[in-house]
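Trainee: Below is one structure. I have some questions about it.
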Amino acid sequence: MKVKTIFGSILAGVLIINGVNVSANAADIAPQNVEHRDHVIELSLGRASGSFNMTVPAKSILRADKSFPLEAGETVTIKATYSPFSASVDFGLVDSKGKFHYLTVNNGTFDKTIKVDTRGNYVFAVRNNSSQSISVSGYVKY
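In mature numbering (1 follows the signal peptide of the UniProt record, and there is no 0), the protein residues as written are -26 to -1, 1 to 116.
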């Protein structure tokens, strides 16, 4: 039981520290650079939330096969863990023009909220910047 308490405390500390070190970015993604796999990301619940569990190959991006509408000012919360922890990973949303709005982490955990500035349809996406594949699982709430 002490191990669970210690692990929980360490994880909470990492999540708190992680909140200070994340920078927001946006990048255009050419359609040929976006890999579509309907079996990779499964948003398993309805409009309000969904879970995912996937493997992202090295130097690639995977995105959900379905978009969701958001109004300007709405937020999407993403909570995820991945391994290996040392990988640099971008979590975010791809808009209808192909621009990837993302936050970068490199410590194995992601717990952030992204606010959209423009009304439109968005797709959840994960980009692996490392030279090895990563395993990612988590939860999206929008």
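We put the CB at the ideal spot given by N, CA and C, even for glycine. Quantities reported herein were computed from a predicted structural model and do not represent experimental measurements.
Within its chain, find whatever has a CB closer than 8 Å to the CB of SER107; leave out the 5 residues flanking it on each side and keep chain order.
Mentor: In the sequence shown, residue 107 corresponds to position 133, counting from 1. Same-chain partners within the cutoff: THR29, VAL30, PRO31, ALA32.
Trainee: Nearest-angstrom Cα distance between LYS40 and GLY72?
Mentor: Translated into the one-based positions of the sequence shown, residue 40 becomes position 66. Translated into the one-based positions of the sequence shown, residue 72 becomes position 98. LYS40 and GLY72: Cα-Cα distance of roughly 14 Å.
Trainee: Output the distance between the C-alpha atoms of LEU77 and GLY66, rounded to the nearest integer angstrom.
Mentor: The residue given as residue 77 occupies position 103 in the sequence shown. The residue given as residue 66 occupies position 92 in the sequence shown. The alpha-carbon atoms of LEU77 and GLY66 are separated by roughly 6 Å.
Trainee: Taking the beta strand (DSSP E) that ASN80 belongs to, which residues open and close that run?
Mentor: Residue mapping note: residue 80 aligns to position 106 of the sequence shown, counting from 1. No beta strand (DSSP E) holds ASN80; DSSP gives it neither H nor E.
Trainee: Could you tell me the alpha carbon to alpha carbon distance between PRO5 and ALA99, rounded to whole angstroms?
Mentor: Position 31 of the sequence shown, counting from 1, holds the residue named residue 5. Position 125 of the sequence shown, counting from 1, holds the residue named residue 99. With a pLDDT of only 41 at PRO5, under 50, the local geometry of the prediction cannot be trusted, and the value read off the model is given with reservation. Approximately 13 Å between the Cα atoms of the pair.
Trainee: Hey, VAL50 and TYR56: beta-carbon distance below 8 Å or not?
Mentor: Mapped onto the sequence shown, residue 50 falls at position 76. Mapped onto the sequence shown, residue 56 falls at position 82. Not a contact, by the Cβ cut-off of 8 Å.
Trainee: Quick one, which of GLU48, PHE74, ALA46, ASN102 has its alpha-carbon nearest GLY82's?
Mentor: The residue labelled residue 82 in the question sits at position 108 within the sequence shown. If we check each option's Cα against that of GLY82, ASN102 comes out closest.
Trainee: Considering Cα atoms alone, identify which of PRO58, LEU36, LYS115 is closest to THR87.
Mentor: As a working mapping, residue 87 is identified with position 113 in the sequence shown. Taking only the C-alpha atoms, the option nearest THR87 is LYS115.
Trainee: So THR92 packs on ALA46, CB below 8 Å; how close in whole Å?
Mentor: Against the sequence shown, residue 92 aligns to sequence position 118. Against the sequence shown, residue 46 aligns to sequence position 72. Rounded, the Cβ-Cβ distance is 6 Å, consistent with contact.
Trainee: Under 7 Å Cβ to Cβ from ASN27, same chain only, skipping five residues before and after it: list those, please.
Mentor: Numbered from 1 along the sequence shown, position 53 holds the residue referred to as residue 27. Excluding residues within five positions, the ones whose Cβ falls inside 7 Å are SER111.
Trainee: Closest to ILE52 by CA distance: which of LEU44, ASP69, ASP85 is it?
Mentor: Along the sequence shown, read from residue 1 onward, the residue named residue 52 stands at position 78. Cα-wise, what sits closest to ILE52 is ASP85.
Trainee: Ignore the nearest five residues each way along the sequence and tell me which others in GLY94's own chain have a CB closer than 6 Å to its CB.
Mentor: As a first step, residue 94 is located in the sequence shown; it is residue number 120 there, counting from the start. Within the same chain, GLY94 has close Cβ partners ASP69, SER70.
Trainee: Since I believe LEU44 is in contact with TYR96 (beta carbons under 8 Å), could you give me their beta-carbon distance rounded to a whole number of angstroms?
Mentor: As a working mapping, residue 96 is identified with position 122 in the sequence shown. As a working mapping, residue 44 is identified with position 70 in the sequence shown. Going by Cβ atoms, the distance from TYR96 to LEU44 rounds to 5 Å, so yes, they are a contact pair.
Trainee: Considering only their Cβ atoms, is the gap separating GLU48 from VAL79 smaller than 8 Å?
Mentor: Taking the first residue of the sequence shown as position 1, residue 79 is located at position 105. Taking the first residue of the sequence shown as position 1, residue 48 is located at position 74. For VAL79 and GLU48, no; Cβs fall outside 8 Å.
Trainee: What separation, rounded to the nearest whole angstrom, lies between the Cα atoms of SER109 and ALA38?
Mentor: Here residue 109 refers to the residue found at position 135 of the sequence shown. Here residue 38 refers to the residue found at position 64 of the sequence shown. C-alpha separation (whole angstroms): 16 Å.
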